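Counted from 1, the sequence shown has number 41 at position 42 by numbering that gives the first Met the number 0; the numbering is strictly sequential.
All C-beta atoms in this analysis are idealised placements derived from N, C-alpha and C, irrespective of residue type, glycine included.
All values derive from a computational prediction rather than experimental measurement.
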Amino acid sequence: MTNLNIHMQPNWLPLTALPRFCFSSATQLPAKQPEPPQQHAKSFADLPAELRNEIYTYTLVRSSPIELPYAYEKAYFREPALLATTSWVRAEALPIFYGCNIFETPSPPSAHRFLKQLAPDKIARIRLFRPIDLILPLSAHRRWFDALRGNLNRLIADSGKGALSSDAVHIPIRNDAGEASWCKLDAIEDFEIVHADEGRWSIEWKEAL
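Structure, rendered in structure tokens:
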């Protein structure tokens with residue numbers, strides 16, 4: 000049995016002159032006053048970029064992980080409606096949605112289906128992805144970590160599209176006190192992340208390199 004070490008890381012209108020009939024008994028029409036210039040209504044695009052980003056963040060970023068459906072479910076992952084408004088709103092908001100949320104799948108097949116429906120540019124924006132639901136204790140036998148390594152390598156090879164960052168992938172680990180937490184792959188000392196061409200990578204055992 001192999002123990003693996005984990006390193007957790009009132010706008011006022013201007014006054015105008017009184018009309019002449021106020022000072023004369025003669026009946027006459029007041030002089031026509033010039034109309035104030037029309038002010039065009041401001042649109043969302045007129046807001047400062049910083050304020051727009053705050054609105055995107057408030058609207059799109061969740062305080063808890065986005066839980067993706069099981070692979071056998073008919074339900075599919077859908078982007079928020081805000082991303083389907085205009086092309087420029089989509090361009091501004093897409094990095095915030097994919098880069099600031101946590102995407103969590105209940106199983107490896109669910110992770111495959113999620114990545115397969117995304118374009119590479121969207122996958123590349125993901126900063127926190129949890130594709131494995133199995134929580135391994137520190138004292139787990141090596142074969143469990145080998146199974147985890149195999150599942151992740153298949154996911155990267157088949158669905159990562161050379162776009163998923165190894166830094167984005169987190170896996171659940173339970174420490175000796177029984178507390179579970181999510182850790183990055185490079186926090187597992189016995190794992191080595193091997194980078195290849197076209198953005199692809201895999202996980203190998205250090206001793207096998």
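Under a Cβ-count criterion, where at least 16 other Cβ atoms within 10 Å of its own Cβ denotes burial, should residue i be classed as buried or exposed?
i, result
"W87", "exposed"
"L50", "exposed"
"Y97", "buried"
"R129", "buried"
"E206", "exposed"
"T84", "exposed"
"A48", "exposed"
"L147", "buried"
"L117", "buried"
"A176", "exposed"
"N10", "Residue confidence for N10 is low, a pLDDT of 47 falling below 50, so the modelled location carries little weight; the figure read from the coordinates is stated next. Exposed, by the Cβ-count rule."
With a threshold of 8 Å on Cβ separation, who are the neighbours of residue i within its own chain once the five nearest residues in sequence on each side are excluded?
i, result
"P119", "K160, G161, A162"
"A195", "S201"
"V60", "I95, F96, C99, N100"
"E53", "none"
"N152", "S201, I202"
"A44", "W87"
"W181", "R129, H169, I170, P171, I172"
Take residue i and list the residues in its own chain whose beta-carbon comes closer than 6 Å to its own, dropping the five residues that flank it on each side.
i, result
"A74", "P68"
"R199", "G161"
"R173", "I134, P136, A179"
"A70", "P108, S109, R112"
"F76", "L67, F113"
"R89", "L82"
"P105", "Y69, D132"
"E197", "G161"
Would you please state the rounded distance, in angstroms, between the beta carbons of residue i and residue j? I believe it to be under 8 Å.
i, j, result
"P107", "I122", "Not really, about 16 Å apart at Cβ, beyond 8 Å."
"H169", "L127", "6 Å"
"W204", "D185", "Not really, about 14 Å apart at Cβ, beyond 8 Å."
Would you check if the distance between the CB atom of residue i and the CB atom of residue j is smaller than 8 Å?
i, j, result
"F102", "I65", "yes"
"R124", "L93", "yes"
"D157", "H111", "yes"
"I187", "S165", "no"
"Y55", "E91", "yes"
"L81", "T58", "yes"
Near residue i, which residues of its chain fall below 7 Å by C-beta distance, leaving aside the five closest residues on each side in sequence?
i, result
"N150", "P107, I131"
Closer than 7 Å to a non-hydrogen atom of the ligand MG - does that hold for the CB of residue i?
i, result
"R51", "The ligand MG is absent from the structure shown, which contains no ligand whatsoever."
Threshold first: 4 residues or longer. Then list the alpha helix (DSSP H) segments lying entirely within the region 73-141, N to C. 86-99, 107-115, 119-124
What are the start and end residues of each continuous beta strand (DSSP E) run of 3 or more residues lying completely inside the region 143-207, in chain order? 169-173, 179-183, 190-194, 200-204
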